[in-house]
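Heads up, the thing below is written out as structure tokens.
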Amino acid sequence: MISKYYVKKLEKKKDHLSILWKDNFESKFHFMWLRDNCPTAIHPTANMRVFNILTVSKNIFPKKYKIEKNKLNIDWSEGNHTSKFNLKWLRDHCYTEINKRKYKSPYVFWDHKLKKNLKKIIIDHNSVIINDKHLSKWLNLLHTYGFALIKNAPTRKKSAFKILNRISHHRETFFGTPFEVINISKPNNTAYTADALRNHTDLPYFEYAPGYQFLHCLVNEANGGLSSVVDGFAVANYLKKNEKDIFNILTKTHVKFKDTDYTQKAVRILHSPIITITKDNDFNDIRFSMAAMGAVDVDPKKMKKFYDAYQYFASLLQNKKFKIDFRLEAGDIFCFNNRRVLHGRTEFDPNSGNRHLQGYYIERDEIIGRLNYFNNIKV
Ligand SMILES: [Fe+2]
16 MISKYYVKKL
26 EKKKDHLSIL
36 WKDNFESKFH
46 FMWLRDNCPT
56 AIHPTANMRV
66 FNILTVSKNI
76 FPKKYKIEKN
86 KLNIDWSEGN
96 HTSKFNLKWL
106 RDHCYTEINK
116 RKYKSPYVFW
126 DHKLKKNLKK
136 IIIDHNSVII
146 NDKHLSKWLN
156 LLHTYGFALI
166 KNAPTRKKSA
176 FKILNRISHH
186 RETFFGTPFE
196 VINISKPNNT
206 AYTADALRNH
216 TDLPYFEYAP
226 GYQFLHCLVN
236 EANGGLSSVV
246 DGFAVANYLK
256 KNEKDIFNIL
266 TKTHVKFKDT
276 DYTQKAVRIL
286 HSPIITITKD
296 NDFNDIRFSM
306 AAMGAVDVDP
316 KKMKKFYDAY
326 QYFASLLQNK
336 KFKIDFRLEA
346 GDIFCFNNRR
356 VLHGRTEFDP
366 NSGNRHLQGY
376 YIERDEIIGR
386 LNYFNNIKV
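Take any residue in the sequence shown, note its place counting from 1, add 15, and you have its number in the working numbering.
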């Protein structure tokens, strides 16, 4: 065992045990945390906590405690209970250390320059189907770049379920799965026209907008209809660094998104900032769709500044410095983090040839959960 797992000194303090490890790192383990994490508190197969925290008082403390071999043994003041902790487990879960670690973002920001290196984010369909390493690479690209392009997929309808199910199950919505991106008469969504679509995220009016979107190109023979893609986190990061006031407005102003699709008996309304951030001050998600904006109802004192910020952000999302235009080919699956990366298209001429994409949604949890599994992350 490496030295950081050996104990040099063990002391009982007012509300915690203090361990000085052989590498001179000092950990605090609070009494209640230790009791709650007793190895017997975890179900052996379900791997879930069975211990009920209400069965002990907040004054519980170690009556006796000692290090024996590779274990910390504690006799508790209540419940006639002994806990035996593996020292390696304790050090690996040391929250003194975890809280001292500097947060490292998993995201790689990108802009128009990625187009020259598009190979970086391209993966072959069959290699993902048959090989876990390629699957893991795909997941990693999705998580870090938020964008990947699968090539050489079959062009049968609904055939993208196969590669999607290599990850997990899909996210269902009122559009159905897959949803058909094709121009129809009397469209209930602008995606179902031949019009240009400005860069946007899908379904921003859902409290929990779909994490990823996969657009499977079955045929693309029409003139026009170039796809566009932009890293919303990279643009938000540009604002954070260069336009602090605008960034603050977009992270703090709750904007109204809405959907009143005539085919549904539902009126969907959600207020959310356009950019949200995580507890680690990283980017959480981007919600942006001019098409799905409601009549904004922010305080009149803040309206002018909001519109200035919103318009500026919109201009950057269409800016050549940030976006990539590319043409989807039959057998491509355009995969992106729908809560980070915005997508759009130029208008196309439906009389010049067929253009048919099928869309699927899948949650971010599924991508990250599988990636953690492949990376052997322990909890
Ligand atoms: Fe869309």
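Glycine residues also receive a C-beta, built at the ideal position from the N, C-alpha and C atoms.
Just so you know, these numbers come straight off a predicted model, no measurement behind them.
Cutoff 6 Å; reference residue i; Cβ partners in own chain excluding five residues on either side
i	result
residue 44	31, 32
residue 56	64, 66
residue 20	102, 103, 106
residue 299	291, 292, 293
Residues near residue i in its chain [Cβ-Cβ closer than 7 Å; skip 5 each side]
i	result
residue 447	Not covered by the structure: residue 447. The range shown for the chain is 16 to 394.
residue 140	165, 166, 167, 168, 178
residue 185	179, 192, 375, 376, 377
residue 252	124
residue 68	51
residue 153	138, 143, 163
residue 354	216, 224, 226, 300, 301, 379
Any non-hydrogen atom of ligand 3 within 7 Å of residue i CB
i	result
residue 217	Judged by which ligands are present, ligand 3 is missing from the structure shown, whose ligands are ligand 1.
Which residues DSSP lists as bridging residue i, in chain order
i	result
residue 82	87
residue 374	194, 230
residue 26	33
residue 238	364
residue 356	246
residue 264	DSSP, once it has assigned bridges, lists no residue as partnering residue 264.
residue 351	162, 228
residue 77	91
residue 308	272
residue 301	290
residue 57	64
Residues of its chain near residue i, where Cβ-Cβ distance is below 8 Å and the 5 sequence neighbours each way are ignored
i	result
residue 173	193, 373
residue 22	34, 35, 36, 37, 82, 87, 102
residue 365	198, 209, 237
residue 393	107
residue 336	126, 127
For residue j and residue i, believed in contact at Cβ under 8 Å, the rounded distance
i	j	result
residue 86	residue 100	6 Å
residue 254	residue 328	7 Å
residue 262	residue 302	At roughly 15 Å, the Cβ-Cβ gap does not stay under 8 Å, so residue 262 and residue 302 are not in contact.
residue 227	residue 389	Rounded, the Cβ-Cβ distance is 17 Å, inconsistent with contact.
residue 287	residue 311	About 12 Å separates the two Cβ atoms, so there is no contact after all.
residue 214	residue 332	5 Å
residue 124	residue 246	6 Å
residue 244	residue 162	6 Å
residue 361	residue 240	6 Å
residue 149	residue 138	6 Å
residue 313	residue 266	The Cβ separation is near 14 Å, so there is no contact.
residue 369	residue 234	5 Å
Range of the contiguous beta strand (DSSP E) that encloses residue i
i	result
residue 223	Per DSSP, residue 223 belongs to no beta strand (DSSP E) and is neither H nor E.
residue 34	31-36
residue 297	Careful: residue 297 lies outside any beta strand (DSSP E) and carries neither H nor E.
residue 272	270-274
Alpha helix (DSSP H) segment containing residue i, residue limits
i	result
residue 69	It is not in any alpha helix (DSSP H) - residue 69 carries neither H nor E in the DSSP assignment.
residue 381	379-389
residue 342	Element bounds for residue 342: n/a, residue is neither H nor E.
residue 287	Note, residue 287: premise wrong, no alpha helix (DSSP H); beta strand (DSSP E) at 283-287.
residue 39	Taken as a continuous stretch (DSSP letters only), residue 39 belongs to no alpha helix (DSSP H), as it is neither H nor E.
residue 178	176-179
residue 316	315-332
residue 213	No alpha helix (DSSP H) contains residue 213, which is instead part of the beta strand (DSSP E) from 212-215.
residue 46	46-51
Query raised in the report: Where in the stretch 93-160 do unbroken runs of the alpha helix (DSSP H), each at least 4 residues long, occur, reported from the N-terminal end onward?
Result: 102-107, 110-115, 140-145, 147-159
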